[in-house]
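Going by numbering that gives the first Met the number 0, the residue at position 424 of the sequence shown is 423; the numbering climbs one at a time, nothing skipped.
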Amino acid sequence: MCSNHVLVSCSLALRWTVSDPQSVERISSELQAGVPTLADASGRASGSMTMGGLVLRIGLLGPLQVLHNGVQVTPSAPKVRQVLALLALRANDTVPHHQLVEELWEERPPTSAATTLQTYIYQLRKLPGLGHQSPVGPGRDVPALLTTPGGYRLSLPSSCTDVKEFDELVIRARRAMEEGAITEGAEALHRALAVWRGPVLADLSMGPVVGIDILRLTEKRYEVLEERIDADLVLGRHHRLTSELSALAADHPTREGLHAKLMLALHRAGRRSEALEVFQRLRRVLADELGIEPGADIQRLHQQVLAGDRALDPPRPTGSPGSRRGVPAPRRPRAPEAATPPASVLPPDVPLIGRSDEVDLAVGLLTEEPEGGFGEESGGPRCVAVVGPPGVGVTAFGVHVAHRLRTAFPDGRFHVSFGDPDDPLGVDDVLASLLGAAGFRPSGLPAERAERARLFRSWTAGRRVLIVVDEVTTARQITDLLPAEAGSALLVTGHHRLHDTRFTARMELRPLGTRQALELIRQALGRERLHTDPIGLRELLDLCGGLPGPLLGAGALLALRPHWTMRQLIDWMSRMCSEPAVVRRHQPWRCVARCCSALHPRLRDVLARLAGEDGFVTVEQAAVLLETGIEEAGELLEELVECFLVDADISTDPTTSWFFQYRVPPLVRMVFRSSRDPVAARV
Numbered sequence: 000m001c002s003n004h005v006l007v008s009c010s011l012a013l014r015w016t017v018s019d020p021q022s023v024e025r026i027s028s029e030l031q032a033g034v035p036t037l038a039d040a041s042g043r044a045s046g047s048m049t050m051g052g053l054v055l056r057i058g059l060l061g062p063l064q065v066l067h068n069g070v071q072v073t074p075s076a077p078k079v080r081q082v083l084a085l086l087a088l089r090a091n092d093t094v095p096h097h098q099l100v101e102e103l104w105e106e107r108p109p110t111s112a113a114t115t116l117q118t119y120i121y122q123l124r125k126l127p128g129l130g131h132q133s134p135v136g137p138g139r140d141v142p143a144l145l146t147t148p149g150g151y152r153l154s155l156p157s158s159c160t161d162v163k164e165f166d167e168l169v170i171r172a173r174r175a176m177e178e179g180a181i182t183e184g185a186e187a188l189h190r191a192l193a194v195w196r197g198p199v200l201a202d203l204s205m206g207p208v209v210g211i212d213i214l215r216l217t218e219k220r221y222e223v224l225e226e227r228i229d230a231d232l233v234l235g236r237h238h239r240l241t242s243e244l245s246a247l248a249a250d251h252p253t254r255e256g257l258h259a260k261l262m263l264a265l266h267r268a269g270r271r272s273e274a275l276e277v278f279q280r281l282r283r284v285l286a287d288e289l290g291i292e293p294g295a296d297i298q299r300l301h302q303q304v305l306a307g308d309r310a311l312d313p314p315r316p317t318g319s320p321g322s323r324r325g326v327p328a329p330r331r332p333r334a335p336e337a338a339t340p341p342a343s344v345l346p347p348d349v350p351l352i353g354r355s356d357e358v359d360l361a362v363g364l365l366t367e368e369p370e371g372g373f374g375e376e377s378g379g380p381r382c383v384a385v386v387g388p389p390g391v392g393v394t395a396f397g398v399h400v401a402h403r404l405r406t407a408f409p410d411g412r413f414h415v416s417f418g419d420p421d422d423p424l425g426v427d428d429v430l431a432s433l434l435g436a437a438g439f440r441p442s443g444l445p446a447e448r449a450e451r452a453r454l455f456r457s458w459t460a461g462r463r464v465l466i467v468v469d470e471v472t473t474a475r476q477i478t479d480l481l482p483a484e485a486g487s488a489l490l491v492t493g494h495h496r497l498h499d500t501r502f503t504a505r506m507e508l509r510p511l512g513t514r515q516a517l518e519l520i521r522q523a524l525g526r527e528r529l530h531t532d533p534i535g536l537r538e539l540l541d542l543c544g545g546l547p548g549p550l551l552g553a554g555a556l557l558a559l560r561p562h563w564t565m566r567q568l569i570d571w572m573s574r575m576c577s578e579p580a581v582v583r584r585h586q587p588w589r590c591v592a593r594c595c596s597a598l599h600p601r602l603r604d605v606l607a608r609l610a611g612e613d614g615f616v617t618v619e620q621a622a623v624l625l626e627t628g629i630e631e632a633g634e635l636l637e638e639l640v641e642c643f644l645v646d647a648d649i650s651t652d653p654t655t656s657w658f659f660q661y662r663v664p665p666l667v668r669m670v671f672r673s674s675r676d677p678v679a680a681r682v
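What follows is the structure, encoded as structure tokens:
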């Protein structure tokens, strides 16, 4: 790193200045003298990775830079650069496919997104040091750029990126200051800030996912900068801080913390009148721009400056001059803190057919202002449940609504899921996912579920966030996921009818009508193919029952197998649905099979027995099939109605003692009909 690239001050607005010449000269001389930062005893370059004689360095804290053996090998293609930046920012963690797609194309990915992404990965693997056989450590011949289930992972030692170098120096500095070695801690903070070459990825065309990390790193740099200023104030360096703090305060005219530090530095430098003018200037700006008064802390400092309070004098060291031990360390909060500013973590949006009215209704239910506004007195958050049969598209619906609400929830929109209904995640795991998306480090999360819930509610207080929770099977699961205040909202989706007093509204997605179902198939196959097999088309529409998931899955299979007719597809489905591997792999059954597999064995047996009946059955007929009493048969059927696996209608049979008649939907019948043993138990 050249000395003329050393930068020791910045503003959150990304104005880069060198306002402390003494610090620059000192750090430059250290570098020229060979003082190590993260270099090892052999003199290896700071922040680089030696790999069997090869050196790889990825720079993110400034313009994107990739060096191999000191030679610039940075890719030039914009989207390849975006992929590399995101993988490097999340080094050693898997980046899911959907986040890479969202980063590259935001809400409008092309149909070839997956193939195009693979091409970008291939181009990255051709870079020196990132290929399949690139060693990433002594004696370890494993790929640096790995394909993992669900995404890609850039596997790199921590010394390979400047972000990790920055983080390790900050950790070292904080440890030193906690031990009372303020001078060593301050110097480590100076070196950490000197790692930065400019604004994060300054020359990158960023998307929403990388944008989140850029905000996080920029905010962390600002936090470290404030810690370094606090340490310098403790060490009596107030004279050299006044010019730097003046520039930062000018860049951030409403940041009270910076103005307080400037007032303290000026007061200690004997410039009390200027310190008082800083307060008056801040007061005018806050009144003019925000209509508020300065906070209690800086008002108290103002009174101390007016009174010439000796408590503001620099602390006197009680330890040795070299270490400055005994000087109180600058205070840092001990409670877990979010490292990432509120952001949006959503799967990619998909267009919906025939749902415009339902989408508008959901948007209104989630954004309608309660009486009295969104203040503390307006009650709890809005909580809307959207449920429907498996395959109706509640997951896609929830994601689409969340994308529509970008401006209504400026502090973040998050999507989490309880996962496979057959093996759902626990609430504590879902809370960990939410807190991780909000920026909390996994290592800093409380172990107890109640403490995680308390931390989550504390984080949402004062914010306007939307939480989308998918695959909810019982209202008890949402108890610890409700945001703290009315300005936020919870959108719950699932395949079980839900009831709870905390729901402010409930919606039920119905299957598509015939015209809408035809449009969905037409988009997959084209208009001409629809007319080649009208009888098969009618049978396919009846089988799928207007459910978008099975319709899309059937359309995809027909598109992949253009030599098939629709009737041939239906015959194949009826034969192959007894094969668990096929059911798991293909969409026409997968959504139904997952919900069936989560049922209690007794309910799976009920479905298997009823699957042999084509039409509606009365409760008396069901009791005979189930070999049980009428009352128990009725209760079992109603439980299946609650999870949308049995349809109910008003009974037309005058001889029945029950009000309703019941029918197993065609696709569920197909899954169970191939065997008297419940197929879902094996999928």
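Note that beta-carbon positions come from the ideal geometry of N, C-alpha and C, so glycine has one too. This one's a predicted model, so the numbers in the text were calculated from it and none came from an experiment.
For Ile-291, three-class secondary structure by DSSP
By one-based count along the sequence shown, residue 291 stands at place 292. Note: Ile-291 maps to coil in three-state DSSP.
For Phe-502, I'd like the list of residues in its chain whose CB is within less than 6 Å of its CB, leaving aside the five on either flank, ordered along the chain.
Here residue 502 is taken as the residue at index 503 of the sequence shown, counted from 1. Within the same chain, Phe-502 has close Cβ partners Cys-382, Ala-384.
Using the C-alpha atoms, what's the distance from Leu-508 back to His-498?
As a working note, residue 498 is residue 499 in the sequence shown. As a working note, residue 508 is residue 509 in the sequence shown. So the two alpha carbons sit approximately 16 Å from each other.
Does the distance between the C-beta of Arg-227 and the nearest non-hydrogen atom of the ligand FAD fall short of 7 Å?
Ligands displayed in this structure: none; no statement on the ligand FAD is therefore possible.
Can at least three beta-carbon pairs, one atom from the segment 223-232 and one from the segment 178-189, be found at a separation below 8 Å?
As far as the Cβ criterion goes, the segment 223-232 touches the segment 178-189, which means the pair count is three or higher.
First and last residue of the beta strand (DSSP E) that includes Ile-211?
As a first step, residue 211 must be located in the sequence shown, where it is residue number 212. Taken as a continuous stretch (DSSP letters only), Ile-211 belongs to no beta strand (DSSP E), being part of the alpha helix (DSSP H) at 207-233.
Check Gly-42 in the structure and name its three-state DSSP category.
Within the sequence shown, numbered from 1, the residue matching residue 42 stands at position 43. Bear in mind that the predicted position of Gly-42 carries a pLDDT of just 32, short of 50, making it unreliable; the figure below should be weighed with that in mind. In the structure shown, Gly-42 sits in coil (DSSP, three-state: anything other than H, G, I, E or B).
Since Thr-253 and Val-277 are thought to touch, with beta carbons under 8 Å apart, how far apart are those beta carbons, to the nearest angstrom?
Looking up residue 253 in the sequence shown gives position 254. Looking up residue 277 in the sequence shown gives position 278. Contact doesn't hold; Cβ gap of about 13 Å is too wide.
Do Pro-293 and Glu-255 have their CB atoms nearer than 8 Å?
Taking the sequence shown and counting its residues from 1, one reaches residue 293 at position 294. Taking the sequence shown and counting its residues from 1, one reaches residue 255 at position 256. Glu-255 is positioned such that its CB atom lies closer than 8 Å to that of Pro-293.
For Arg-107, tell me which candidate among Asp-92, Pro-207, Gly-58 has the shortest Cα-Cα distance.
As a first step, residue 107 is located in the sequence shown; it is residue number 108 there, counting from the start. When C-alpha distances from Arg-107 are compared across Asp-92, Pro-207, Gly-58, the shortest belongs to Pro-207.
Return helix, strand or coil for Phe-396, following the three-state DSSP convention.
The count along the sequence shown starts at 1 and reaches residue 396 at position 397. When DSSP states are grouped into helix, strand and coil, Phe-396 belongs to the helix group.
Backbone CA spacing between Leu-247 and Leu-257 [nearest angstrom]
Sequence index remark: in the sequence shown, residue 247 carries index 248 (1-based). Sequence index remark: in the sequence shown, residue 257 carries index 258 (1-based). Taking the straight line from one Cα to the other gives about 7 Å.
Only counting the same chain, and skipping five residues up and downstream in sequence, which positions put a Cβ closer than 7 Å to that of Leu-444?
As a working mapping, residue 444 is identified with position 445 in the sequence shown. Only Pro-335, Ala-431, Leu-434, Arg-451 meet the Cβ criterion.
Residues bridged to Cys-382 (per DSSP):
Along the sequence shown, read from residue 1 onward, the residue named residue 382 stands at position 383. DSSP lists Leu-489 as partners of Cys-382.
Taking only the alpha-carbon atoms, compute the straight-line gap between Ile-181 and Arg-236 and give it to the nearest angstrom.
To locate residue 181, count along the sequence shown from 1; it is residue 182. To locate residue 236, count along the sequence shown from 1; it is residue 237. Spanning the two alpha carbons is a distance of roughly 12 Å.
Would Ala-449 be called buried (16 or more neighbouring beta carbons within 10 Å of its own) or exposed?
The residue given as residue 449 occupies position 450 in the sequence shown. It is exposed - the Cβ of Ala-449 has fewer than 16 other Cβ atoms within 10 Å.
Along the chain, where does the beta strand (DSSP E) containing Leu-145 start, and where does it finish?
Residue mapping note: residue 145 aligns to position 146 of the sequence shown, counting from 1. Unbroken beta strand (DSSP E) run through Leu-145: 144-147.
Buried or exposed for Leu-559, going by 16 or more other Cβ atoms inside 10 Å?
Within the sequence shown, residue 559 is the residue found at index 560, counting from 1. A residue is called buried once 16 or more other Cβ atoms fall within 10 Å of its Cβ, and Leu-559, having fewer, is exposed.
Exposure of Ile-297, with buried meaning 16 or more beta-carbon neighbours within 10 Å:
In the sequence shown, the residue the question calls residue 297 occupies position 298. Ile-297 is buried by the Cβ-count criterion.
In DSSP terms, what Met-506 is bridged to
Locating residue 506 in the sequence shown gives position 507, counting from the first residue. DSSP lists Val-385 as the beta-bridge partner residues of Met-506.
Rounded separation between Leu-234 and Ala-268 - CA only:
Along the sequence shown, one-based indexing puts residue 234 at 235. Along the sequence shown, one-based indexing puts residue 268 at 269. Cα-Cα distance, rounded: 13 Å.
Check this for me: beta carbons of Gly-488 and Leu-465, under 8 Å apart or not?
As a working mapping, residue 488 is identified with position 489 in the sequence shown. As a working mapping, residue 465 is identified with position 466 in the sequence shown. As written in the sequence, residue 488 is Ala, which differs from the Gly given in the question. For Ala-488 and Leu-465, yes; Cβs fall inside 8 Å.
Which residue comes first and which comes last in the beta strand (DSSP E) that contains Leu-153?
Numbered from its first residue, the sequence shown carries residue 153 at position 154. Per DSSP, Leu-153 belongs to the beta strand (DSSP E) from 150-153.
Give the single residue among Ser-154, Ile-629, Thr-147, Leu-644 whose Cα lies nearest to the Cα of Leu-602.
Locating residue 602 in the sequence shown gives position 603, counting from the first residue. Of the candidates Ser-154, Ile-629, Thr-147, Leu-644, the one whose C-alpha sits nearest the C-alpha of Leu-602 is Leu-644.
May I have a chain-ordered list of the alpha helix (DSSP H) segments no shorter than 4 residues that lie completely inside the segment 578-645?
Counting only runs of 4 or more residues that sit fully inside the segment 578-645, the alpha helix (DSSP H) segments are 579-584, 586-596, 600-609, 618-625, 629-641, in chain order.
For the beta strand (DSSP E) containing Asp-532, list its first residue and its last residue.
Locating residue 532 in the sequence shown gives position 533, counting from the first residue. That residue, Asp-532, is in no beta strand (DSSP E); it is neither H nor E in DSSP.
Can you give, in chain order, each stretch of the beta strand (DSSP E) that sits fully within the segment 457-482 and has at least 3 residues?
Qualifying beta strand (DSSP E) stretches, in chain order: 465-469.
Please say whether Leu-311 and His-238 have beta carbons closer to each other than 8 Å?
On the sequence shown, residue 238 is found 239 positions in, with the first residue counted as 1. On the sequence shown, residue 311 is found 312 positions in, with the first residue counted as 1. Taking 8 Å as the Cβ cut-off, His-238 and Leu-311 do not qualify as a contacting pair.
Range covered by the alpha helix (DSSP H) that runs through Leu-66
Here residue 66 is taken as the residue at index 67 of the sequence shown, counted from 1. Segment 64-67 is the beta strand (DSSP E) holding Leu-66; no alpha helix (DSSP H) there.
Assign Tyr-151 to one of two classes, buried (16 or more other C-beta atoms within 10 Å of its C-beta) or exposed (fewer than that).
Within the sequence shown, the letter at position 152 stands for residue 151. When all chains shown are included, Tyr-151 counts as buried.
C-alpha distance - Phe-671 paired with Ile-569, whole-angstrom precision
Here residue 671 is taken as the residue at index 672 of the sequence shown, counted from 1. Here residue 569 is taken as the residue at index 570 of the sequence shown, counted from 1. Distance from the CA of Phe-671 to the CA of Ile-569, rounded to the nearest whole angstrom, comes to 15 Å.
Over the uninterrupted beta strand (DSSP E) stretch that includes Val-415, give me the two end residues.
For the purposes of this step, residue 415 is identified with residue 416 of the sequence shown, where counting begins at 1. According to the DSSP assignment, Val-415 belongs to the beta strand (DSSP E) that extends over 412-416.
Whose CA, out of Ala-295, Leu-300, Asp-287, Leu-99, lies closest to the CA of Lys-260?
Mapped onto the sequence shown, residue 260 falls at position 261. Per the Cα distances, Leu-300.
Beta carbon of Gly-493 nearer than 8 Å to that of Ala-523
As a first step, residue 493 must be located in the sequence shown, where it is residue number 494. As a first step, residue 523 must be located in the sequence shown, where it is residue number 524. Cβ distance not < 8 Å, so Gly-493 and Ala-523 don't count as in contact.
How about Val-277: is its C-beta nearer than 8 Å to some C-beta of chain B?
Any reference to chain B falls outside this structure, which holds one protein chain only.
The beta strand (DSSP E) enclosing Phe-659, as first and last residue numbers:
Against the sequence shown, residue 659 aligns to sequence position 660. From DSSP, the beta strand (DSSP E) with Phe-659 extends over 659-662.
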